[in-house]
C-alpha cells in the first residue's frame, strides 16, 4: 500500500516535469510491487492517469502551455484508436504484452536521451515567472 | 493564456491532429499509458510545437484518451479500482510538484536521469 502511494507520487512528479511518464511508471510499478498481471496493470494505470492528467492540465493551462482547441480535437478523435488498442491488448498474452512494454520503456528512454543531448543547455526560466519564451 | 493563433484551421492541420489522436489512442489502449510518448514528438515535428506547449497540450488530450481506454478496459473487467485510487490520488500531489519544478529547472538533466530509471525498470519488468 505504501509502495503504491510512493509509485503514485514519483510517477506524478515525472508526468508533471516531462509530460510523459505517468503510465510508463504506473504499469511496471503495479506489476513489480503489487503483483498485478500485465493486463490488469495496464487497465489500472489508465484509470489512475485520468485524475493526474486533469490536475496537470489545469496547472499547465495556468502556465499558458495548453492549446485548448488542438487538445480537444486530438482527445475527442482518439476514441476509435483507444478502443482498438484495448481490444488488441486483450487479444495478446500477458507475456508478449510485457515484452512489448519493456521495449516501449527503452524507446522512451532513448527518446529522452536524444532530446537532452540535442538541446542546447537551457538556462533556468525562473526569472520569467510563468511567462517563458517558447522553447527555442 | 494562449492567444488562439490559428482562427482558420487548415484542414490538413485538423487531419494531422486527428491522426495524432488516433495513434495516441491506439498506443494508450495497447500499453496502458497516456500516449504522450506518441503525441509530444509528433506535435513538435509535425505541427511545430515548442516542447512545453507539446507537453501541456498532450496532457489535456490524455484526459480523454486515458478515460476512453480505461472505460473500455473496465468492460473487460481488468481495472483494479482501489489500486488506481491508491496510486492516482497521491500522483496528483506529484504532478503539482512536477509542473512547479518544470518552470524552474532545466529539464535536460532530469530527462537523462529518468531515461536511466526507465531502462532499469524495463530490465526489472522482464525479470518478473
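Chains as they are written, first to last, in my numbering: chain A, 1 to 136; chain B, 137 to 264.
A virtual CB, placed ideally from N, CA and C, is assigned to each residue, including glycine.
Any idea what DSSP makes of residue i, helix, strand or coil?
i                      : result
residue 74 of chain A  : helix
residue 93 of chain A  : coil
residue 204 of chain B : helix
residue 285 of chain B : In the structure as shown, chain B starts at 137 and stops at 264, and residue 285 of chain B therefore has no counterpart that could be examined.
residue 264 of chain B : coil
With a CB to CB cut of under 8 angstroms and the five nearest residues on each side skipped, what residues in its chain are close to residue i?
i                      : result
residue 194 of chain A : The requested residue 194 of chain A does not occur in the structure, where chain A is confined to residues 1 to 136.
residue 179 of chain B : 156, 185, 189, 190, 193 and 194
residue 59 of chain A  : 16
Can you list, in chain order, the residues of its chain whose CB lies under 6 angstroms from that of residue i, leaving out five sequence neighbours each side?
i                     : result
residue 49 of chain A : 22 and 23
residue 26 of chain A : 11, 45 and 48
Considering just the uninterrupted stretch of the alpha helix (DSSP H) at residue i, what are its terminal residues?
i                      : result
residue 39 of chain A  : 38 to 62
residue 27 of chain A  : 22 to 34
residue 149 of chain B : 147 to 167
residue 66 of chain A  : That residue, residue 66 of chain A, is in no alpha helix (DSSP H); it is neither H nor E in DSSP.
residue 8 of chain A   : 2 to 18
residue 268 of chain B : The structure shown does not extend to residue 268 of chain B, since chain B is modelled only from 137 through 264, so no value can be given for it.
Apart from the five residues just before and just after residue i, which ones in its own chain have a Cβ nearer than 7 angstroms to its Cβ?
i                      : result
residue 147 of chain A : Nothing can be reported for residue 147 of chain A: it is not among the residues displayed for chain A, which extend from 1 to 136.
residue 54 of chain A  : none
residue 127 of chain A : At residue 127 of chain A, the pLDDT of 40 sits below 50, so the modelled position is not reliable and the matter cannot be decided from this model.
residue 191 of chain B : 176
* **Contacting positions in the region 93 to 108 of chain A - beta carbon closer than 9 angstroms to chain B** => Per Cβ criterion, the list reads 97, 98, 99, 100, 101, 102, 103, 104, 105, 106, 107 and 108.
* To do: Give the residues from the region 18 to 36 of chain A that approach chain B closer than 8 angstroms (Cβ to any Cβ), ordered along the chain.
  => Going along the region 18 to 36 of chain A in chain order, one finds 18, 19, 20, 21, 22, 23, 24, 25, 26, 27, 28, 29, 30, 31, 32, 34 and 36 with a Cβ nearer than 8 angstroms to chain B.
* Cβ contact (3+ pairs, closer than 8 angstroms) linking the region 162 to 175 of chain B and the region 75 to 95 of chain A -> Touching, yes.
* Asked: Are the region 187 to 205 of chain B and the region 32 to 40 of chain A touching, with three or more C-beta to C-beta distances below 8 angstroms?
  -> The region 187 to 205 of chain B vs the region 32 to 40 of chain A: no contact.
* To do: Can you give me, in chain order, the residues of the region 144 to 158 of chain B that have a beta carbon less than 9 angstroms from any beta carbon in chain A?
  => Answer in chain order: 145, 149, 150, 153, 154, 155, 156, 157 and 158.
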